[in-house]
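Undergrad: In UniProt numbering, the protein residues as written are 1 to 634. Take this structure first; my questions come after.
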Amino acid sequence: MEALRIFCFVFFLGLVYSPSNADPVEDKRALLDFVKNLPHSRSLNWNESSPVCNYWTGITCSEDESRVIAVRLPGVGFHGPIPANTLSRLTALQILSLRSNRITGDFPSDFSNLSDLSYLYLQFNNFSGPLPSNFSVWKNLTFVNLSNNGFNGRIPPSLSNLTELTGLNLANNSLSGEIPDLKIPKLQVLDVSNNNLSGSVPKSLQRFPRSVFVGNEVSFESPLPNNPPVPPPLPKSNAKPKNSGGLGEAALLGIIIAGGVLGLLAFGFLILVCCSRRKREDEYSGNLQKGGMSPEKVISRTQDANNRLVFFEGCHYAFDLEDLLRASAEVLGKGTFGTAYKAILEDATTVVVKRLKDVSAGKRDFEQQMEIVGSIRHENVVELKAYYYSKDEKLMVYDFYSQGSVSAMLHGKRGEEKTPLDWDSRLRIAVGAARGIARVHAESGGKLVHGNVKSSNIFVNSQQYGCVSDLGLATITNSLTPPISRAAGYRAPEVTDTRKATQASDVFSFGVVLLELLTGKSPIHATGGEEIVHLVRWVHSVVREEWTAEVFDVELMRYPNIEEEMVEMLQIALSCVARIPDQRPKMGEVVKMIENVRPMEAENRPSSTNRSESSMQQQQAVGVETENSTSQSH
């Protein structure tokens, strides 16, 4: 018995002090000192009481969790110089990414302590001063990107000692002098463009395309030796050649004909090149329309460096625009205000990127609207995580939720069966979406409008309640008056300009969603005879004929004791789709009416305090509109 007690005690000690459960205390203190002394605009979930490994944003530990080996914090909003004696204490660090911040100052001299460093990404910051003179201290360096900063001085010849280096990007700095002869056998990627470099490009680097050297005063001619060899004299001949006074007529005619042929060939080649280029552009456009184009091809890499992803407070994503450009992507759907992409980043993070179209607002108005939308925190409103603005591109970033939209659940997607939705599920969707829209209407002093309420913009949260997305875009885009379409089926009759949508028109659109949940039919659908039927008109006609039971989805008929609740919900929906706006209830009143249909259990309603955690952990729905005509016909 005593032996068993000793065994249990030793086993318990082994669990408590096992290396796999150890927190890298010294590395943790170094990181806390770093983040404490470097101002940043995005909050990080770093604190003394939480474990570093597998929890802190942007931090990766070794397998035994004894050391920090990777720090990835792009786009966090750091500004100012890197505090001395902080990151340099992470002596086991292998990957450091601080790109797309506003870090200033010289290259940290104490980084020489990071002898295991393999990947260094400091691009798109405001570093200045010379590059480190001795790169030999980082013998394991595999990829270095210091582009788009203000580094000056010469390119250190010590880079030649990095035998493992495969990539070096020093573009868009203020480096000067000659390019050193970097005889690095494994170097595959090089970019020193747009600096103040001069002289001739070393022969060892002339294997790279000339585009990586543009923006410098460099030449590609090998320098002449001090005593160039004199060419030997031509052999003498006593025989006088024929026509020594000039070319014969036949030879001259041959040259003229050959020149003409060459000219025609050159012109033909030019035509061929132009046609090929046009074909590639057409293929580009075609692929984009078909959804085969990732954001890497959609967004130009020549965008202004100052236009960066803007993250909202509390967002713990650790990526930037460059990560999105490299992400694999697929089109989720094309909606009223743009196209939604599912983007999978290199670290397996999955997000939804909405590429807006026809944005009429200027940068200031756009940013103000994004700040309003991004500030909404509610369990029934899908959060906007980040946005991007440039002259040519406007993007919005949301969590990815795999269950898809209510539209997909009701009407199915191409090649897939519909998701069965019982009455309880539809009630939760209805009350959740109503609460979300009511929350939107309470913003901006009670003046904010969703402007695009539809089932393809409603998803389910971790508690299976509806939540709304894609809000607040109507006011910043051009007026849309589409022909007969699914979007038109949700539009209130008084709305002829999408920019002038009102809260009353949101109520009408939500009423259409309720009818959709009750009937299982699309807002605009075709009958067997291919006649176009508007859902609101059809429901009114059936109710007038007192055939109310014919309205409801046949799938709901198998559930007992719900007829009274469905009829009550039908009455709420019909009040919402009243033709005269003043006769429609407010969204707050709609919420109360739906809640009275069947009071939902308090414990099943997610609280605002746990919503973000469950959203981060489960990531179950897409917070963007995914309207696809092939998947929405019913």
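From the three backbone atoms N, C-alpha and C, an ideal C-beta is built for every residue, glycine too.
If Met587 and Ala438 are in contact, beta carbons under 8 angstroms, what's the gap, nearest whole angstrom?
TA: Indeed, because the Cβ distance is near 4 angstroms, the residues count as touching under 8 angstroms.
Undergrad: Leaving aside the five residues before and after Pro74 along the sequence, list all residues of the same chain whose C-beta is less than 8 angstroms from its C-beta, in chain order.
TA: Closer than 8 angstroms at the Cβ level, and outside the excluded window around Pro74, lie Ser97, Leu98, Arg99, Ser100, Asn101, Tyr121, Ala318, Phe319, Asp320, Glu322 and Asp323.
Undergrad: What residue from Leu38, Ile458, Ser541 and Asn194 has the CA that sits closest to Ser509's CA?
TA: Comparing Cα positions, the closest option is Ile458.
Undergrad: Could you round the C-beta distance between Asn37 and Thr86 to whole angstroms and report it? I think they count as a contact, below 8 angstroms.
TA: Between Thr86 and Asn37 the Cβ distance is about 7 angstroms, and since that is below 8 angstroms, they are a contact.
Undergrad: So, do the segment 423-436 and the segment 578-594 have three or more beta carbon pairs nearer to each other than 8 angstroms?
TA: Flag = yes, the segment 423-436 and the segment 578-594 touch.
Undergrad: Lys363 to Gln369, Cα distance in whole Å?
TA: If I take the Cα positions, the gap works out to 10 angstroms.
Undergrad: What residue range is occupied by the uninterrupted alpha helix (DSSP H) comprising His79?
TA: Not the alpha helix (DSSP H): His79 falls in the beta strand (DSSP E), residues His79 to Pro81.
Undergrad: If we count the other Cβ atoms within 10 Å of its Cβ and call it buried at 16 or more, is Asp399 buried or exposed?
TA: Classification for Asp399: buried.
Undergrad: Between Leu182 and the rest of its own chain, which residues show a CB-CB distance below 6 angstroms, the 5 nearest in sequence each way excluded?
TA: For Leu182, where only same-chain residues beyond five positions count, the Cβ hits under 6 angstroms are Leu159 and Ser160.
Undergrad: Reducing DSSP to helix, strand and coil, say where Ala534 ends up.
TA: First, the amino acid is wrong: residue 534 is His here, not Ala. Three-state result, His534: strand.
Undergrad: Measure from the alpha carbon of Pro314 to the alpha carbon of each residue in Ala430, His40 and Val25, then state which is nearest.
TA: Before going further, note that residue 314 is Gly rather than Pro in the sequence given. Cα-wise, what sits closest to Gly314 is His40.
Undergrad: Given that a residue counts as buried once 16 or more other Cβ atoms are within 10 Å of its Cβ, and exposed if not, what is Met557?
TA: Exposed, because fewer than 16 other Cβ atoms sit within 10 Å of the Cβ of Met557.
Undergrad: Please classify Glu546: is it buried, with 16 or more other beta-carbons within 10 angstroms of its beta-carbon, or exposed?
TA: Classification of Glu546: exposed, given that the 10 Å Cβ count is below 16.
Undergrad: Would you mind stating whether Leu131 and Phe151 have Cβ atoms separated by less than 8 angstroms?
TA: A contact, by the Cβ cut-off of 8 angstroms.
Undergrad: Quick one: Cα of Thr477 to Cα of Thr502, how far?
TA: Spanning the two alpha carbons is a distance of roughly 15 angstroms.
Undergrad: Can you tell me whether Gln206 is buried or exposed, with buried defined as 16 or more other CB within 10 angstroms of its CB?
TA: With fewer than 16 Cβ atoms within 10 Å of its Cβ, Gln206 is classed as exposed.
Undergrad: Would you give the residue range spanned by the alpha helix (DSSP H) that Thr519 belongs to?
TA: Residues Gln503 to Thr519.
Undergrad: Quick one: give me the first and last residue of the beta strand (DSSP E) that Asn596 is part of.
TA: Note, Asn596: premise wrong, no beta strand (DSSP E); alpha helix (DSSP H) at Met587 to Val597.
Undergrad: Report the partner residues of Lys447 according to the DSSP bridge assignment.
TA: According to DSSP, Lys447 bridges with nothing at all.
Undergrad: Hey, Leu448 and Ala386 are a contact pair by Cβ (cut 8 angstroms); roughly how many whole angstroms apart?
TA: In fact, because the Cβ distance is near 20 angstroms, the residues do not count as touching under 8 angstroms.
Undergrad: Compare the C-alpha of Phe107 against each of Ser118, Asn125 and Asp116 and name the closest.
TA: Nearest C-alpha to Phe107: Asn125.
Undergrad: Ignoring anything shorter than 4 residues or poking outside the segment 25-62, list the alpha helix (DSSP H) runs there in chain order.
TA: As far as the segment 25-62 is concerned, its whole alpha helix (DSSP H) runs of at least 4 residues are 25-37.
Undergrad: Among residues of its own chain, excluding the 5 on either side of Phe34, which ones have a beta-carbon nearer than 8 angstroms to its beta-carbon?
TA: Closer than 8 angstroms at Cβ, skipping near neighbours: Ile82, Pro83, Thr86 and Leu87.
Undergrad: Inspect the beta-carbon positions of Asn149 and Asn169 and report whether they are closer than 8 angstroms.
TA: Against a cut-off of 8 angstroms, the Cβ pair of Asn169 and Asn149 comes out as no contact.
Undergrad: Would you be able to state if there are at least three C-beta pairs under 8 angstroms between the segment 391-409 and the segment 350-365?
TA: Segments in contact, yes.
Undergrad: Rounded to the nearest angstrom, what separates Ile155 and Gly129 at their Cα positions?
TA: When rounded, the distance between both Cα atoms is 12 angstroms.
Undergrad: Going by beta-carbon coordinates alone, are Leu535 and Ala573 separated by less than 8 angstroms?
TA: Result no, Cβ atoms of Leu535 and Ala573 do not sit closer than 8 angstroms.
Undergrad: Along the chain, where does the alpha helix (DSSP H) containing Val406 start, and where does it finish?
TA: Val406 -> alpha helix (DSSP H) spans Val406 to His411.
Undergrad: The beta strand (DSSP E) that contains Glu330, what's its start and end?
TA: It spans Ser328 to Lys334 - the beta strand (DSSP E) in which Glu330 sits, taken as one unbroken run.
Undergrad: What's the call for Ala549, buried or exposed, on a 16-neighbour Cβ count within 10 Å?
TA: Exposed is the call here.
Undergrad: Closest to Glu367 by C-alpha separation, out of Gly412, Leu175, Phe311 and Ala343, would be which residue?
TA: If we check each option's Cα against that of Glu367, Phe311 comes out closest.
Undergrad: May I ask you to report which of helix, strand or coil DSSP gives Ser425?
TA: Looking at Ser425 - three-state DSSP - the assignment turns out to be helix.
Undergrad: Between the Cα of Thr163 and the Cα atoms of Leu175, Ile95 and Phe143, which residue gives the shortest distance?
TA: The option with the nearest alpha carbon to Thr163 is Phe143.
Undergrad: For the beta strand (DSSP E) holding Ser219, just list the boundary residues, first then last.
TA: Here the beta strand (DSSP E) through Ser219 covers Glu217 to Ser219.
Undergrad: Taking the CB atoms as reference points, tell me whether Gly466 and Arg499 lie closer together than 8 angstroms.
TA: No, Cβ-Cβ distance for Gly466 and Arg499 is not below 8 angstroms.
Undergrad: Between the alpha carbons of Gly167 and Leu44, how many angstroms are there, rounded?
TA: The straight-line gap from Cα to Cα measures roughly 30 angstroms.
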